[in-house]
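Notes follow once the structure below has been shown.
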Amino acid sequence: MIDMSGTNDRSLVGKCGIYCGSCPIYRSYKDRDDKTAFELSFATRCTIDQVRCEGCGSDDRFVLSQGCFYRKCAVEKGLAACAECGDYPCEKLSWFYDDGIAKEKEASNNSNRMRETSIDAWLEEADDRWRCKNCDSPVSIGIKKCHKCGLPVQ
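Each residue of the sequence shown is one higher than the one before, counting from 1237 in the working numbering.
Following this line, the structure appears as structure tokens:
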């Protein structure tokens, strides 16, 4: 089941393959998690008001992602995600995927899964994956405990 809280599901498709529904910035904004928003504002040197995002597919994106090359390229080509491109993976996207950071590796795996199935099928899988197995609340990448029930996230 896709979390449609205030946005259409396709807005959670990061053009590069990141699932926006698991992004700490998106989750802290959607969940009204002021503690996490404060921590993120400190870490990113943004104001708390700037720690907000409706997903990469929306017009209301996090201030530091406004100039994203991958989003700009995909939008110019009329694509929902880089995975739909005939040049996938391009040189810049390959560089992004190969930089050794876990979330970028996950983005690569996500894009490959989009190509194997469909964007909509992948969205359903991603939504299911990024939920607390105890209370079914959406969770973000990197957290240890569910913000709703407090149990460890697997």
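C-beta: ideal position from N, C-alpha, C; glycine also.
Taken atom to atom, the span from the alpha-carbon of C1371 to that of D1269 is near 17 angstroms. Of the residues assessed, G1293 falls on the buried side of the cut-off, its CB having 16 or more other CB atoms within 10 angstroms. Take T1280, set aside five residues on each side of it, and the residues of its chain with a beta-carbon closer than 7 angstroms to its own are L1300, in chain order. Looking at the backbone, the Cα of S1373 and that of N1345 are separated by about 23 angstroms. Bridge partners of P1325 according to DSSP: none are assigned.
A direct Cα-Cα distance of roughly 4 angstroms separates G1253 from A1343.
Here K1251 is buried, its C-beta having at least 16 other C-beta atoms within 10 Å. Per DSSP, reduced to three states, the secondary structure at K1381 is strand.
Membership of I1355 in the alpha helix (DSSP H) is indicated by the continuous run 1355-1365.
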